[in-house]
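Encoded as structure tokens, the structure appears first; notes follow it.
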Amino acid sequence: ATAVAFEKLGETSGNAKAVMLGDCLNKAVGRILKNRKSPSRRVQEIDNRATNFYVALYWAEYLAEQDPAYKPIFEQLSAARGDIVAEFKKCQGEPVDLGGYYLFEYGKAKSAMNPSP
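The opening position of the sequence shown corresponds to residue 514 in our numbering, with each subsequent residue numbered one higher.
Shown next as structure tokens:
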């Protein structure tokens, strides 16, 4: 939905950068699906955190192809990819107290979603 919103905004306002954001995000999501980077319910496999990382990585890559301003962030994400994915896998398997299911506590959820020290 976010990609389509960027595209629609760009089309209605004549903002080519918004169209580019949407187009690149659509490509990134397609690559997530093609490369099977969707979240798994099994421990030690990709989860929501890692899927979000891959969205950022692929999106940055496609953006960098269109605009060199995005190249540094793509390079940083790409260089740290192994460490980031390993940290996500390492923190799996233990129950996490979020302070609730539907109405969780922000601090606890933030800690669970960002396992890096």
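Even glycine gets a Cβ: it sits at the ideal position worked out from N, Cα and C.
A buried status is given to Arg562, since no fewer than 16 other beta-carbon atoms sit within 10 Å of its beta-carbon.
Collapsing the DSSP output to three states places Leu616 in coil. The Cβ atoms of Ala541 and Tyr583 do not sit closer than 8 Å to each other.
If you compare the alpha carbons of Ser526, Gly527, Asn548, Val532 with that of Thr515, the shortest gap goes to Val532.
With respect to the C-alpha of Glu607, the residue from Val556, Lys623, Ser624, Asp580 having the closest C-alpha is Val556.
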